Each structure stands twice: as structure tokens, then as C-alpha cells.
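Trainee: Position one of the sequence shown corresponds to residue 4 (the working numbering), numbered consecutively onward. Just so it is clear, CB atoms sit at the ideal spot from N, CA and C, and this is done for glycine as well. Bear in mind that the values here come from a model prediction, so they are computed numbers and not experimental data.
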Amino acid sequence: GWVTPTVVAKDGFYDVGRWDATGQTYLLYDPDKGTNDYFLVENRTKTAGTYDKDASDRGLVIWRVGDTLFGPPIPNPYQLMRPNQMAADTTQYDGGPDDAWDPSDTRTPQRTMSRPWSDGTASNVAVRAIGSSGNSVRAYFDVRGPGVLVDPTSAVTDVTMLQANPVSFPVMNTGETTDTFSFTLADLPSGWTAAASTQSIGAGGAGTATVQLTVPADTPTRSYTLKARGTSTTDSTVTSSSPITVRVVKRSTTLAYSGSTTADYSDPASVSAVLTDAATGLPIAGKAIHFSLGTQSTSPDPATDGDGRASGSITITQASGTVSVDSSFAGDGTYLPSSDSDSFTITKETLSFSYSGSTLLALGATPILASTATEQPDGSPGDLSLAVAAFALTPTLTSLPFTYTAAVDASGASTTSATGLSVDIWSVTIAVPASNAYWQGATAGSTELVLFDPAAMFTGDAAGKDATNRSISIAFDYRYDKTPRPRGSIALRFSGGTFTAKNPTWIVQVGTTAIVQTTGSLNGAAATLRLRVDDNAEPARPDTFRAQIGAYDSGTVSVTSGNLQSHPA
């Protein structure tokens with residue numbers, strides 16, 4: 004039937020209601036062309052029980068009408084303007100699925116109808132920015148006169164808090180003369196700001212407007228629908244706006260570890276990291292940074308200062324080795340999380356040992372090895388019970404060394420029995436085994452453990468030349484009594500004078516070799532002599548001896564006169 008259309012007199016967006024429900028029809032024409040040529044625009048959709056029950060498509064339907072066009076070559080003044088540029092002859096056309104303008108339909112993605120009149124002349128009117136089909140279809144009607152089209156696409160623009168974000172959208176001067184327009188964003192949430200942009204656009208010209216949008220901190224991260232608006236600076240009534248979607252995202256951050264990368268077990272490791280804004284490089288203050296070092300972590304987490312630096316300390320309780328030191332920022336309402344990971348080397352803590360065990364025993368008694376471990380004084384004590392003491396015993400007269408291990412208690416004490424030792428002068432050193440994961444260290448020197456046989460007996464009266472080719476002679480008689488106590492005396496004459504002594508401190512004899520230690524008088528002053536004597540069963544080879552007293556060392560002296568005689572038990 005006949006309809007009474009609404010004549011579009013001004014450029015702008017119009018909401019076209021579904022025709023079967025509203026009866027809305029819009030008419031676009033060019034007054035310079037006259038009223039016989041025009042376009043009719045309707046929103047049609049197949050709806051049961053209505054005039055459109057048999058509609059072939061849905062969306063905006065646009066007819067080109069020429070009231071004076073009857074008969075060949077155009078038998079009907081009503082021509083359907085299809086999106087695919089084909090004009091349908093409505094006298095013989097039965098409809099198709101691509102008759103209506105619906106950008107949501109992949110068959111009809113077009114959004115602008117700017118066809119000429121039937122005689123091929125420019126119509127100077129258009130339907131632009133056509134929206135998707137629905138109960139109401141939004142479209143921009145471009146007729147003669149000034150106008151500005153703001154037409155954001157469906158794309159979503161990401162905007163970051165605390166900075167000016169460029170938000171761009173297509174614009175067009177739909178008027179017939181050059182004009183200057185101000186473009187901005189409207190319907191902003193509280194605290195948001197938009198810096199308008201202004202540009203001059205020629206008649207029918209298109210361009211892109213860019214508005215700087217600033218979003219405050221702690222804005223919920225989600226999508227927001229704003230309005231992109233354009234307004235003529237010469238006539239504020241020439242304006243249009245269209246929805247535009249922005250998505251608020253958090254600011255990216257960078258976290259860089261700047262703390263220690265090595266520390267001893269039991270010592271505090273200094274951990275630190277710097278948090279900055281990834282976009283600006285500026286430090287971010289007041290944010291908690293979590294540090295984990297191997298299996299340990301900070302608690303509570305330190306906060307960044309004005310330089311973006313967070314600093315803390317972790318006292319290491321883990322075994323030595325290579326672990327990772329990780330720093331992390333959990334993010335908040337404004338900033339995205341960030342983290343950093345670096346290699347960290349845990350080294351062993353150092354301790355020292357002092358020997359406190361047996362030093363002189365007769366064969367048959369079991370020596371007790373004992374020591375006290377002391378950590379280096381660094382103000383951060385560790386758990387000494389995690390240490391182990393390894394007693395290494397090196398023989399002087401025999402060839403087989405021994406090693407004994409003992410646990411160290413919390414006070415640093417360790418003790419163990421040295422079973423299986425033979426008669427000898429044993430050099431005792433103590434160290435933490437290399438396999439211990441927490442501690443390292445050893446005694447600064449060695450201690451002697453003397454294990455003697457009470458049956459030892461050695462006598463001699465001999466002379467020779469020392470290492471400097473000077474004369475040296477000894478006369479001695481040594482043995483143990485029944486208690487057993489070492490008995491005897493010695494006289495030593497050498498280039499440094501005469502040394503005499505009575506009962507020795509100990510006598511250790513292994514086979515035909517003996518070592519004696521005794522304290523006596525050298526030229527009237529107290530002195531200690533260590534004498535080694537070897538009965539080599541002359542005349543096959545000469546007997547030898549070696550005397551050490553103070554700084555003097557005779558070297559090995561071959562006996563040129565006299566004799567040294569061992570008396571095996």
C-alpha cells in the first residue's frame with residue numbers, strides 16, 4: 004500500500020525501525036534534481052502475520068524511484084538497490100538472500116549506498132555507515148547540506164591507564180563545502196579525560212580523527228562504550244556521534260633483579276630488584292616485590308622506594324649449589340605483573356677445627372680423636388650439627404694412613420675412637436669432607452698422636468758429618484721401664500754446642516728404626532731434641548741418625564765411627 008515517508012532534510016544518523024512494526028520509510032532526494040527522483044529506505048525483515056511474512060532478506064532495503072520512468076527501457080520506476088551493485092527490476096524480481104543491506108551478513112558486507120539516479124547522473128545523496136539488521140537499524144543519511152560523519156569501526160581499541168592513549172576513528176565531511184571540525188570522545192566515566200582534535204576537511208572528503216584519551220589508575224579492566232563525536236566549529240548544530248568501544252588494560256611493567264648472586268650457607272643474602280613502567284621507564288614506588296631464593300623466600304615482602312627499588316634479605320639455610328633467585332611483582336589494579344629470574348650460587352660456610360684428642364698412648368690403648376669446630380665470626384651462625392669432622396692420620400714410620408669420621412654436634416664438638424692404629428707417630432689433621440653440602444674448612448696445621456710400644460729399646464754411640472760437613476756425635480741409651488715410662492740419657496755434640504738430657508718424653512720404635520723426643524739443656528738453655536736413629540745392620544750399609552734441635556737440622560748422618568743398635572722386643 005501507499006506510505007507517507009519521512010523526508011530527510013539534514014545529514015545525520017537515523018534509527019530506522021522495523022517497517023512492519025513502525026511503518027517508517029525515509030526519503031532522500033536532491034532538491035536541485037527535483038522531486039521525481041529519490042531513494043526510499045526501509046528496515047524490512049521476514050515476520051509472520053505481517054506484510055513482510057514472505058520477505059526474502061533482512062536489513063535496510065533501498066529503492067531508487069523515478070516517478071517519470073514508465074515503460075521501456077525501464078518498465079518500473081521502482082528499482083531495488085542491492086548491496087552487490089545489481090539493481091533489481093521489481094516488476095519481475097522474486098527476491099533473494101542478498102537484497103537487503105546487512106553488514107553482519109557475509110554476503111552483504113557493504114555499508115555505503117551512493118548510487119546515481121536512473122539516468123546516470125550523480126545523486127548527491129547517500130546512505131552511509133549502515134548498521135547490522137535488527138529491530139532498529141542505524142544508518143547515516145547524507146543529503147544536500149552540511150554534515151559530519153563519525154564512523155568508528157567495530158574494532159576495539161586498547162587503552163592503558165595513566166597515559167594519553169590515541170583513539171582513532173574514520174570521519175567524513177558530508178557537506179558540499181570545506182569545513183573545520185572538532186572531534187572528541189563523550190560519555191566518559193568519571194575521572195576520564197579526552198583531548199579534542201581539530202581538522203579541516205574538504206567537501207566530501209574523508210579522514211581519520213585521533214583523540215588522546217587518558218584513563219585514571221585503578222580503573223576496572225574491561226570494555227567501555229563511549230561516543231565518538233564530531234562537530235563543525237562554524238555551526239555547532241552540524242554534529243554526529245557514534246558508539247566506540249575501548250578496552251582498558253593495565254600498564255606493562257619491567258622488573259630487573261639487582262641483588263647478590265652468591266652467598267655462603269648461613270649468611271644473609273641481599274636481594275633487590277627495580278620495578279619500572281615498561282612504557283615510560285619511570286620507577287614505580289610503593290609496590291610489594293616477592294623474592295624467592297631456592298626453597299626460601301621473603302616474608303613480609305619489601306616494597307619499592309622512590310627509585311622503584313625493593314630490597315630485602317634472606318638468611319640461607321639451604322645446601323650449597325646453584326639455585327635460582329626469582330623476583331616477582333604480582334600486579335595490581337593499574338599494573339600488570341612482571342618477574343625476573345637469575346642464577347644464584349650458594350657456597351659453603353667456613354669453619355676451623357682445634358684438636359683435643361689423645362696425643363700420647365701406649366700400644367693396647369685405644370686413642371680418642373676429638374675436636375672442636377668453630378665457625379668464622381661473621382655474625383650469622385649456622386647449624387654446626389650439619390658438619391662432619393674427618394680425622395686424617397698420616398704415619399711417619401709406616402705406610403698405611405687412616406681416616407676416621409665423626410658427627411659434629413650443635414656446639415661444634417666431635418669425637419671418635421681410632422681403632423686399628425699401629426705403633427707410629429701419627430700426624431692428625433681435621434677437615435670437613437668435600438661431600439658435605441654446608442660446611443668447608445680444616446685445621447690450620449697438624450697435631451701429633453704418638454702411639455708407642457713399651458718394649459722399645461735403642462742404644463748407640465756414633466759419630467759422623469752433618470749436612471754442613473761438620474762433626475756430630477751422639478751417645479744414648481733409651482728404653483721403657485715397667486710403668487711404662489721412658490728412661491735413659493743422651494749427649495749430643497755438634498757445631499751448635501753440647502746438648503744433654505735424661506729421661507725422654509717418648510720413644511717410638513718400629514723395627515730397627517726409632518724416633519725419640521726429649522727435653523734437656525743446650526749450652527745451659529732449655530731445648531728439645533728430636534732424634535731419629537736407624538740400625539741398618541752394618542757393615543752392609545752404615546747406620547744413620549738425624550738430629551733436630553731448635554733451628555738446627557743435621558740432615559741424615561751416616562755413621563763413620565761407632566754403632567747404633569736396636570733391641571726388638
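1) Can you have a look at P151 and say buried or exposed, based on whether 16 or more other CB atoms are within 10 angstroms of its CB?
2) Output the residue ranges of the beta strand (DSSP E) runs that lie fully inside the stretch 366 to 432 and measure 3 residues or longer, sorted by chain position.
3) Could you please give the first and the last residue of the uninterrupted alpha helix (DSSP H) stretch that includes A554?
4) With DSSP collapsed to three states, give me the class of T486.
5) Assuming Q568 and G463 make a contact with CB atoms under 8 angstroms, what is their CB distance in whole Å?
6) Expressed to the nearest angstrom, what Euclidean distance is found between the alpha-carbon atoms of A459 and Y407?
7) In the DSSP assignment, find the beta strand (DSSP E) that holds A529 and state where it starts and stops.
8) Can you tell me whether E352 is buried or exposed, with buried defined as 16 or more other CB within 10 angstroms of its CB?
9) Is the stretch 447 to 457 close to the stretch 361 to 374, with three or more CB pairs under 8 angstroms?
10) Is there contact here, the stretch 9 to 17 with the stretch 94 to 113, by at least three beta-carbon pairs under 8 angstroms?
11) What did DSSP end up calling W22 once you bin it into helix, strand or coil?
12) Using three-state DSSP, classify H570 as helix, strand or coil.
13) Taking the C-alpha atoms as reference points, what is the distance between V68 and S121?
14) If you draw a straight line from the alpha carbon of D70 to that of F42, how long is it in whole angstroms?
15) Which residue's Cα is closest to the Cα of S323: P384, T348, A24, D343?
16) Can you give me the Cβ contacts of Y260 inside the same chain, cut-off strictly under 6 angstroms, excluding the 5 residues immediately before and after it?
17) Tell whether a beta-carbon distance below 9 angstroms holds between G315 and D304.
18) Just how far apart, CA to CA, sit S302 and T283?
19) Have a look at the DSSP bridge pairing and note the partners of P286.
20) Per the DSSP calculation, S361 is bridged to which residue(s)?
21) Taking only three categories from DSSP, how would you classify M175?
22) Per DSSP, K230 forms a beta bridge with which residues?
23) When DSSP labels each residue in this structure, what does W195 get in the three-state scheme?
24) Could you pull out every unbroken alpha helix (DSSP H) segment of at least 4 residues lying fully inside the stretch 85 to 151, listed in chain order?
25) Using the three-state DSSP reduction, which class does G523 fall into: helix, strand or coil?
26) Would you call D484 buried or exposed, if buried means 16 or more other Cβ atoms sit within 10 Å of its Cβ?
27) Where does K13 sit, in a helix, a strand or coil, going by DSSP?
28) In angstroms, rounded to a whole number, what distance separates the CA positions of F294 and G385?
29) N168 bridges to which residues according to DSSP?
30) Per DSSP, which residues does E451 bridge with? Please list them.
31) Return the CA-CA distance between A445 and S498, expressed in angstroms with no decimal places.
32) Bridge partners of V575, per DSSP?
33) With distance defined between alpha-carbon atoms, name the residue in A437, L403, A440 nearest to L424.
34) So, at 7 angstroms on beta carbons, what are the nonlocal neighbours of L285 in its own chain, with the 5 sequence-adjacent residues on each side left out?
35) How many angstroms separate the CA atom of P112 from the CA atom of V128?
36) Considering only heavy atoms of the ligand SAH, does any lie closer than 8 angstroms to the CB of S425?
Mentor: This is what the structure holds:
1) Note on identity: in this sequence residue 151 is Val, with Pro being the wrong assignment. Burial of V151 is indicated by the presence of at least 16 other C-beta atoms within 10 angstroms of its C-beta.
2) You should have 371 to 378, 391 to 397, 405 to 410, 416 to 420.
3) Per DSSP, A554 belongs to no alpha helix (DSSP H) and is neither H nor E.
4) Coil, per DSSP.
5) Indeed they touch by this definition, with Cβ atoms about 6 angstroms apart.
6) If I take the Cα positions, the gap works out to 27 angstroms.
7) Per DSSP, A529 belongs to the beta strand (DSSP E) from 528 to 537.
8) Looking at its Cβ environment, which holds 16 or more other Cβ atoms inside 10 Å, E352 is buried.
9) Short answer: they touch.
10) No: the two stretches stay apart, fewer than three of their Cβ pairs being nearer than 8 angstroms.
11) If DSSP states are grouped into helix, strand and coil, W22 belongs with the helices.
12) Note: H570 maps to coil in three-state DSSP.
13) Whole-angstrom Cα-Cα distance: 8 angstroms.
14) Roughly 11 angstroms separates the two Cα atoms.
15) Comparing alpha carbon positions, the residue from P384, T348, A24, D343 closest to S323 is T348.
16) These residues qualify, in order along the chain: A276, S330, D343, D345.
17) Yes; because the gap between Cβ atoms is below 9 angstroms, this pair is in contact.
18) Rounded to whole angstroms, S302 and T283 show a C-alpha spacing of 30 angstroms.
19) Per DSSP, T279.
20) Residue pairing for S361: DSSP places it in no beta bridge.
21) M175: strand per DSSP, three-state reduction.
22) K230 has A189, P246 as its beta-bridge partners, per DSSP.
23) Correct three-state label for W195: coil.
24) Entirely contained in the stretch 85 to 151, not one alpha helix (DSSP H) run reaches 4 residues.
25) It is a strand residue.
26) By the neighbour-count criterion, in which a residue is buried when 16 or more other Cβ atoms sit within 10 angstroms of its Cβ, D484 is exposed.
27) In the structure shown, K13 falls within a coil segment according to DSSP collapsed to helix, strand and coil.
28) In this structure, the straight-line span from the alpha carbon of F294 to that of G385 is close to 22 angstroms.
29) Per DSSP, L216.
30) When DSSP reads this structure, E451 sits in a beta bridge with S430.
31) Distance between the alpha carbons of A445 and S498: 39 angstroms.
32) No answer is possible for residue 575: it lies beyond the span of the chain, which begins at 4 and ends at 572.
33) When each option's Cα is compared against that of L424, the closest is L403.
34) The residues are T279.
35) Roughly 20 angstroms between the two C-alpha positions.
36) Although the ligand SAH was asked about, the structure shown includes no ligands whatsoever.
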